[in-house]
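If you use this note's numbering, the sequence shown corresponds to residues 7 to 260, in order.
Beta carbons are placed, not taken as given, at the ideal position from N, Cα and C, and that holds for glycine.
Structure first, commentary second.
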Amino acid sequence: SPTSLIRSSYVTVEALRPRQCFRPLSSGSKSDEISDNADGEVADRHAKDQEITSREYVQTISELSKARLSALVVSTSSFGFLAAATPISYSTLAAASLGTALCSSSASTLNQIFEQDRDAKMKRTSQRPLVTKRVVGTHGAYALAGFTGLTGGVTLYLGTDPITTMLGVGNIALYAGAYTFMKPRSEWNTWVGAIVGGIPPVMGYTAATNGVGLFDIEAFLLGSTLFLWQFPHFFALSWMHRVDYARGGFQVRF
Numbered sequence: 007s008p009t010s011l012i013r014s015s016y017v018t019v020e021a022l023r024p025r026q027c028f029r030p031l032s033s034g035s036k037s038d039e040i041s042d043n044a045d046g047e048v049a050d051r052h053a054k055d056q057e058i059t060s061r062e063y064v065q066t067i068s069e070l071s072k073a074r075l076s077a078l079v080v081s082t083s084s085f086g087f088l089a090a091a092t093p094i095s096y097s098t099l100a101a102a103s104l105g106t107a108l109c110s111s112s113a114s115t116l117n118q119i120f121e122q123d124r125d126a127k128m129k130r131t132s133q134r135p136l137v138t139k140r141v142v143g144t145h146g147a148y149a150l151a152g153f154t155g156l157t158g159g160v161t162l163y164l165g166t167d168p169i170t171t172m173l174g175v176g177n178i179a180l181y182a183g184a185y186t187f188m189k190p191r192s193e194w195n196t197w198v199g200a201i202v203g204g205i206p207p208v209m210g211y212t213a214a215t216n217g218v219g220l221f222d223i224e225a226f227l228l229g230s231t232l233f234l235w236q237f238p239h240f241f242a243l244s245w246m247h248r249v250d251y252a253r254g255g256f257q258v259r260f
């Protein structure tokens, strides 16, 4: 009959129509596991990138302290000690050397704290620790400067004499204070920096003489020699990095 024919055709069409089957993913499906693993790998990679090694800490402290410059400062102090030609007290020499190194570290760290904005503008200093702030920030640098300055002063006071201590602590103020303040403001900063460089050998001499040789002609000659040496040194650096110094806004004499 016509009705049977229509019903049969409908059933045939329904049978031929493609069917889609959707199976809901369970919470523990393989897709979720892959996604979780990928997220974990990204997190581990990020944590590894942010991890700071002990070697980086040591390197950062070395850079803030300007370790190579501090070693040169200590060598001039030791030379001044030996130049006094007094019976050598190795404990006093060690105290003078260590105290000088710690004071130099403090002064260098404070200098970088105060100049970090200008350092960021210069190519030769753009990767300094306080510019990148990857390992230590300003507060950490202040802590380092305070610790080395305090321990340096105490070491000099207990191991040498008050005159040497005064010279060491005073040199921190002279370098981190007057010299750093004058660098962007006056070319006379070179003269102040030269005084800073001339003090360490005098410290060695006074440490060897228990403070009584401050006004000896030998102490004057030692300090004057290092004072005068600073000028060709500064002038050479100023000429080599004149573009960078101008970019940082420093007043230098060529």
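**Asked** When you compare only the Cα positions, how much space is there between Arg134 and Gln65?
**Response** Taking the CA atoms as reference points, Arg134 sits about 11 Å from Gln65.
**Request:** Please determine if the stretch 165 to 177 and the stretch 217 to 225 are in contact, where contact requires at least 3 C-beta pairs separated by less than 8 Å.
**Result:** In short, these stretches touch, since the Cβ pair count reaches three.
**Asked** Taking the continuous alpha helix (DSSP H) assigned at Gly158, which residues delimit it?
**Response** Residues Thr144 to Gly165.
**Item:** Per-residue burial, Leu70 [other beta carbons within 10 Å of its own, 16 or more giving buried]
**Value:** With at least 16 other beta carbons inside 10 angstroms of its own, Leu70 counts as buried.
**Message:** Is the beta carbon of Thr161 closer than 8 Å to that of Ala213?
**Reply:** Contact: no.
**Message:** Quick check on the burial criterion: 16 or more other C-beta atoms within 10 angstroms. Buried or exposed for Ser76?
**Reply:** Answer is buried; the Cβ neighbour count reaches 16.
**Prompt:** What first and last residue would you give for the alpha helix (DSSP H) that runs through His239?
**Reply:** Following the DSSP letters along the chain, one finds His239 inside the alpha helix (DSSP H) bounded by residues Ile223 to Met246.
**Prompt:** If Thr154 sits next to Ser111, beta carbons under 8 Å apart, how far is it from one beta carbon to the other, in whole angstroms?
**Reply:** At roughly 4 Å, the Cβ-Cβ gap stays under 8 Å, so Thr154 and Ser111 are in contact.
**Prompt:** In terms of residues, what are the limits of the alpha helix (DSSP H) holding Phe256?
**Reply:** Here Phe256 belongs to no alpha helix (DSSP H), and DSSP marks it neither H nor E.
**Item:** Nearest-angstrom beta carbon gap, Gly86 and Val202 [assumed within contact, 8 Å]
**Value:** Contact flag wrong, Cβ pair sits at about 15 Å.
**Nearest neighbour of Pro206, chosen from Asp250, Leu104, Lys189 and Ser132 [CA to CA]** = Distance from the Cα of Pro206 is smallest, within the candidate group Asp250, Leu104, Lys189 and Ser132, for Leu104.
**Request:** May I ask which residues mark the beginning and end of the alpha helix (DSSP H) holding Trp197?
**Result:** Following the DSSP letters along the chain, one finds Trp197 inside the alpha helix (DSSP H) bounded by residues Asn195 to Ala214.
**Asked** Taking Ala89 as the reference, which of Thr115, Asn177, Ala225 and Leu234 has the closest Cα?
**Response** With distances taken between Cα atoms, Ala89 lies closest to Ala225.
**Item:** Under the three-state DSSP convention, the category Phe28 falls into
**Value:** Low confidence applies to Phe28: its pLDDT is 46, below 50, so where it sits in the model is not reliable enough to give any reading.
**Asked** By a C-beta neighbour count over all protein chains shown, 10 Å radius and 16 as the cutoff for buried, is Ile94 buried or exposed?
**Response** Per the 10 Å Cβ criterion, exposed.
**Item:** Host alpha helix (DSSP H) of Leu180 (start-end)
**Value:** Leu180 -> no alpha helix (DSSP H), and no H or E assigned at all.
**Neighbourhood of Ala107 by C-beta, 6 Å cutoff - its chain only, sequence neighbours within 5 removed** = Ser76 and Val80, listed in sequence order.
**Asked** Leaving out the 5 sequence neighbours to the left and right, which residues in its chain are closer than 8 Å to Phe221 when beta-carbon positions are compared?
**Response** Listed in chain order, the non-local C-beta contacts of Phe221 below 8 Å within the same chain number zero, local neighbours out to five positions each way being set aside.
**Through-space distance from Asp125 to Leu180, alpha-carbon basis** = Leu180 and Asp125: Cα-Cα distance of roughly 20 Å.
**Request:** In the DSSP assignment, find the alpha helix (DSSP H) that holds Pro135 and state where it starts and stops.
**Result:** Run containing Pro135: Pro135 to Thr138, per the alpha helix (DSSP H) assignment.
**Item:** Assigned exposure category for Gly255 - 16 Cβ within 10 Å defines buried
**Value:** Exposed: under 16 other Cβ atoms inside 10 Å.
**Request:** State the Cα-Cα distance for the pair Met246 and Thr186, rounded to the nearest angstrom.
**Result:** Their Cα atoms are separated by approximately 20 Å.
**Message:** At the level of alpha carbons, what is the spacing between Leu116 and His239?
**Reply:** Straight-line spacing of the CA atoms in Leu116 and His239 works out to 22 Å.
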